[in-house]
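Taking it in order: structure first as structure tokens, then the write-up.
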Amino acid sequence: MGIEEKLPSGFLLTTVEQFAGYARKGSLWPATFGLACCAIEMMAAGGARYDLARFGMEVFRASPRQADLMIVAGRVSQKMAPVLRQIYDQMPEPKWVIAMGVCASSGGMFNNYAIVQGVDHVVPVDIYLPGCPPRPEMLIDAILKLHAKISDTKLGKNREAEVRELEAAALTAPATHEMRGLLP
Amino acid sequence: MSTNVEFEGAASEQPGPDPYAAGERRTTEGRVYTVTGQDWDDVVSGVSANRDERVVVNMGPQHPSTHGVLRLILELDGETVTEARVGIGYLHTGIEKNMEFRTWTQGVTFVTRMDYLTPFFNETAYCLAVEKLLGITDQIPERASVIRVMMMELNRMSSHLVALATGGMELGALTAMIFGFRERETILDLFELISGLRMNSAYVRPGGVAQDLPPGAVDAVADAVVLLRKNYQDTASLLVDNGIWMARTQDVGYLDLSGCMALGITGPMLRATGLPWDLRKSQPYCGYENYEFDVPVRDTCDAYGRFLIRIAELGESLKIVEQCLDKLRPGPVMVEDRKIGWPAQLALGGDGLGNSLDHIRHIMGESMEALIHHFKLVTEGFSVPAGQAYVAVESPRGELGCHVVSDGGTRPYRVHFRDPSFTNLQSTAAVCEGGQVADVIAAVASIDPVMGGVDR
Amino acid sequence: MSESTEQTEVVPAGVAALEVVDVRQGMFHGSGDTSGYGGLVRTVAMPGATPRPYGGWYDEAADTLTSLLPDYDAAVEKVVVEHGDLTFHVRREHLVDVARALRDDPTLRFEMCVGVSGVHYPHDSGRELHAIYPLLSVTHNRRLRLEVSCPDGDPTIPSLMGVYPSVDWHERETFDFFGIVFTGRPDLTRIQMPDDWPGHPQRKDYPLGGIPVEYKGAEIPPPDTRRSYS
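Line by line, the protein sequences give chains A, B and C.
Read left to right, the first sequence gives residues 1 to 184 (our numbering).
Read left to right, the second sequence gives residues 185 to 640 (our numbering).
Read left to right, the third sequence gives residues 641 to 870 (our numbering).
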């Protein structure tokens, strides 16, 4: 990411991280990727009552070239999946993805031939937001969690170290099928 | 966020060629140009240099102005559209096939998500068809029918508000979007109060409705009606008789009566041609013959006429909702037959929404049959006699028909929805060709397709 | 306790004949299962032909159609009136003639065909694929249905596009989902599924295509492979 990588790690990078994170989350522009029912709730979140403009996000950019957040709102069919990937690829870095609704997170109630069972099969997802459809307040909560994630993003060598840590933790984490919940 | 991290020791890679960079390439179907902005001159010079006969522009499926995932393939001659084709299927969910593996009542939750702006219409059409097959159409309690009509008319209003809002936004009237969604929030609050969810509530079920109106609902609806009657005039006064709006929508998207009849168009598009065809008047269902309302008709056959009809229908729906409030009488909301009617009334308890304590006391302590019925209805579902039925309701977009085939079992054998948006969208070529590209947006907005219904 | 439990057909009263379309055995049949579900036998019978009089305007419509068609009995296999709805089961060779007669005659005037619905009865051999055309008369405010069947081995039905242009996309959709080839129309292509999709998804022999869902050690199979008792 440019100049940050050439500076030594230290308090200067940390300050730049915070500043860069603040700038990025403060005006996160979503790309229009409303597909189905969740799109209507996303539009309602951008409407007057649940206002996304207070987060700087009321401009839903039509062109992915100008957007940095893709809210996949709705069920992604097999025919739509390549289009989704193309739009994601056309977005410039840094970019984030919110999978809005259960259909985008995991295929939802449509466990069948026509729906991709989770858009994480197609694009990397940062925040999964369940709901059918999630209320606009839930979407705003997801966006705020994403803002927290963005403002805490490390840059440069700190990011490399963080990625290594996450990878090590993921390798030693228990597999999903071993998790027994409250059972011993 | 993907990380462009270079690890020590890894060979640094040259990034591959960007597949979406501007440029042209030859394919078997001619040259394909990828346009990234500010390079239209290159494309035009490339086209004229190669003497290509036509330029085909692909609008969508991801496009802010196409109503959802609609792909418009336009062949342009300058600014004029010479050919328009529609590509659909980008939202195909296989709902109809999914329903074949669920019970009849669970089918309601699938059906409600087809045309997602009008969930109550989808549910009601399906439930009326199932009730027809069961033969219990006359035994649906009157209170249930009145509640169904009230929810449907509120849904008609919220759907028209979205149509006006998105239509306005697509043509540049962004304030219409804000107004439309503001009004819609009032209606969604009512939906949430009565059915539990803002959208896609599985509220209308075969036999009646899932639960009775909560206390305070009647007053809330009455207050909302007063508020809506005042507020929807905002959108109307913004756009009706607005010179710019009229210039963009008058004589745009023209489709006269013979065209509509040939293409099977129903709904506001048909009423804009002068024919007052509305299933609520001609083939009433759910007691619509007892309500007084008018059917707005225009005879200009264009997008402006359809827009005026939608505004007028907002007013008519408010009238019907008021009449519903007057018609409500205490009574059951589910059919009497215990082998069909949904067993439980939900109530809000200390731990959330669940079966009401009265019901639980009844099934656990008082009546063994009630327990058995509850268990069998929820797990297995009721059986519907073999046969088929087709029921049509007047949804905000036109005739929404549900064709249900039963094989006598507890699962639908085949459910097919005749969605109005699917049929109305066939007319895109007829209304767009010969016009300009900007008129395509206005015409498609006036058709008001909802891709969930088109693709199902 | 009897081994085999006959479950009677669930039929509405007042329908004369029934046509058996399928006989289903219970799950676990023949596997030595003693739960009793293995012995369930369920006959699936759809309503058969209704004898005259049909009631209301239906008799008049049938008579008008008889006078308009050169050979009514060859064209119309049977007439079914169920739940107040009239259905003409038409042989596919005569479908276009019947539709044109229904559309053009002034007393019938069914101007609109509101759609095409496909149904697949895999065990009704020789008549596996059905296409249902609901017709609407705006002039007379009436509805009826046409039903056409074709075998799996030769799934062709003449297209009604020349009579009702509105069935264009509906026929494409029915082809896409059932494989019924509508002859005599331009451009019969897939409309909902991607263009190169193999198979016809809404046929009964096409799987639902879900994936098993795993959650903390338990795995739930997709809906079409779960146990079913009906």
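Here a beta-carbon is modelled for each residue, glycine too, at the ideal position from N, C-alpha and C.
_Assigned exposure category for GLY515 (chain B) - 16 Cβ within 10 Å defines buried_ = Classification for GLY515 (chain B): exposed.
*asked:* Would ARG602 (chain B) and GLY585 (chain B) qualify as a contact pair, given that the criterion is a beta-carbon distance under 9 Å?
replied: It is a contact, given that the beta carbons lie within the stated cut-off.
*Alpha carbon to alpha carbon, how far is TYR712 (chain C) from ARG732 (chain C)?*
So the two alpha carbons sit approximately 13 Å from each other.
*Proximity below 9 Å, CB of MET518 (chain B) to CB of GLY391 (chain B)*: In contact: MET518 (chain B) and GLY391 (chain B) (Cβ atoms closer than 9 Å).
*Could you give the DSSP three-state label for GLU190 (chain B): helix, strand or coil?*
Model confidence at GLU190 (chain B) stands at a pLDDT of 42, short of 50, so the residue's coordinates are unreliable and nothing is read from them.
*May I ask you to list, following chain order, the residues of the segment 127–142 of chain A that have a beta carbon less than 8 Å from some beta carbon of chain B?*
Under the 8 Å Cβ criterion, the segment 127–142 of chain A contributes CYS132, PRO133 and ARG135.
*Count the CB pairs spanning the segment 87–99 of chain A and the segment 110–121 of chain A that are closer than 8 Å, and state whether there are at least three.*
The segment 87–99 of chain A is in contact with the segment 110–121 of chain A.
*Could you give the DSSP three-state label for PHE33 (chain A): helix, strand or coil?*
DSSP places PHE33 (chain A) in coil when its eight states are reduced to three.
*Tell me where the alpha helix (DSSP H) around LEU187 (chain A) begins and ends.*
There is no way to answer for residue 187 (chain A), as the model of chain A reaches only from 1 to 184.
*Check whether the Cβ atoms of ARG843 (chain C) and PHE822 (chain C) sit closer than 9 Å, and answer yes or no.*
With respect to the 9 Å criterion, ARG843 (chain C) and PHE822 (chain C) are not classified as neighbours on the basis of their beta carbons.
*Can you grab the Cα-Cα spacing for the pair PHE19 (chain A) / VAL346 (chain B), in whole Å?*
Each residue's alpha carbon lies about 39 Å from the other.
*Looking at SER611 (chain B) and ILE449 (chain B), is the spacing between their C-beta atoms short of 9 Å?*
In this structure, SER611 (chain B) lies closer than 9 Å to ILE449 (chain B) by Cβ.
*Who are the near neighbours of SER77 (chain A) in its chain, counting only those whose CB is closer than 8 Å to its CB and skipping five residues on each side?*
Excluding residues within five positions, the ones whose Cβ falls inside 8 Å are ALA114, ILE115 and VAL116.
_Can you tell me whether PRO693 (chain C) is helix, strand or coil according to DSSP?_
It is coil, neither helix nor strand.
*In angstroms with no decimal places, state the Cα-to-Cα distance between VAL660 (chain C) and THR683 (chain C).*
About 7 Å.
*asked:* Which residues in chain B have a C-beta closer than 9 Å to the C-beta of GLY47 (chain A)? List them in chain order.
replied: Result: ALA349, MET361, ILE362, GLY364, PHE365, ARG366, ARG368 and GLU369.
_Run of the alpha helix (DSSP H) containing VAL86 (chain A), from where it starts to where it stops_ = Rather than Val, the amino acid found at residue 86 (chain A) in this sequence is Gln. For GLN86 (chain A), the enclosing alpha helix (DSSP H) has its first and last residue at 81–90.
*What's the call for LYS79 (chain A), buried or exposed, on a 16-neighbour Cβ count within 10 Å?*
The residue in question, LYS79 (chain A), is buried, as its Cβ has 16 or more Cβ neighbours within 10 Å.
_Per-residue DSSP class, three states only, for TYR698 (chain C)_ = Here TYR698 (chain C) carries a helix assignment [DSSP, helix/strand/coil].
*Verify the CB distance criterion: does HIS344 (chain B) have a CB-CB separation below 9 Å to chain C?*
The beta-carbon of HIS344 (chain B) is placed no less than 9 Å from the nearest beta-carbon of chain C.
_9 Å Cβ cutoff, PHE33 (chain A) in contact with chain B_ = By this cut-off, PHE33 (chain A) is an interface position.
*Assign ILE331 (chain B) to buried or exposed, taking buried as 16 or more other Cβ atoms, counted over all protein chains shown, within 10 Å of its Cβ.*
The residue is buried, with at least 16 neighbouring Cβ atoms inside 10 Å.
*State the start and end residues of the unbroken alpha helix (DSSP H) segment that holds GLN572 (chain B).*
Note, GLN572 (chain B): premise wrong, no alpha helix (DSSP H); beta strand (DSSP E) at 571–579.
_Length of the line joining the Cα atoms of TYR804 (chain C) and GLU369 (chain B)_ = Distance between the alpha carbons of TYR804 (chain C) and GLU369 (chain B): 41 Å.
*asked:* With the cut-off set at 9 Å, would you say PRO838 (chain C) and ASP816 (chain C) are in Cβ contact?
replied: With respect to the 9 Å criterion, PRO838 (chain C) and ASP816 (chain C) are not classified as neighbours on the basis of their beta carbons.
*asked:* Between the segment 342–360 of chain B and the segment 481–496 of chain B, can you find at least three pairs of beta-carbon atoms closer than 8 Å?
replied: With a cut-off of 8 Å, the segment 342–360 of chain B and the segment 481–496 of chain B count as touching, because enough Cβ pairs lie within range.
*At what residue ranges does the segment 274–325 of chain B contain a whole run of the alpha helix (DSSP H), taking only runs of 4 or more?*
Runs of the alpha helix (DSSP H) inside the segment 274–325 of chain B: 279–283, 288–295 and 303–318.
*Are the segment 424–431 of chain B and the segment 470–485 of chain B touching, with three or more C-beta to C-beta distances below 8 Å?*
In this structure the segment 424–431 of chain B does not touch the segment 470–485 of chain B; the number of beta carbon pairs closer than 8 Å is below three.
*What do you reckon, are the CB atoms on LEU784 (chain C) and VAL754 (chain C) nearer than 9 Å?*
Not a contact, by the Cβ cut-off of 9 Å.
*Every unbroken alpha helix (DSSP H) inside the segment 379–450 of chain B [4 residues or more]*: 401–423, 427–433 and 441–447, all fully within the segment 379–450 of chain B.
_For VAL330 (chain B), the three-state DSSP class (helix, strand or coil)_ = DSSP places VAL330 (chain B) in the helix class (H, G or I) of the three-state scheme.
*Check the Cβ-Cβ distances between TYR846 (chain C) and every residue of chain A, and say whether any is below 9 Å.*
Yes, TYR846 (chain C) counts as interfacial toward chain A.
*Go ahead and label LEU144 (chain A) buried or exposed: buried means 16 or more other beta carbons lie within 10 angstroms of its beta carbon, across all protein chains shown.*
When all chains shown are included, LEU144 (chain A) counts as exposed.
*Leaving aside the five residues before and after SER379 (chain B) along the sequence, list all residues of the same chain whose C-beta is less than 7 Å from its C-beta, in chain order.*
If we look at SER379 (chain B) and ignore the five residues flanking it on each side, its Cβ neighbours are SER385 and TYR387.
*Kindly indicate which three-state DSSP category CYS470 (chain B) falls into: helix, strand or coil?*
Coil.
*Consult DSSP for MET336 (chain B) and reduce its assignment to one of helix, strand or coil.*
In the structure shown, MET336 (chain B) sits in a helix (DSSP, three-state: H, G or I).
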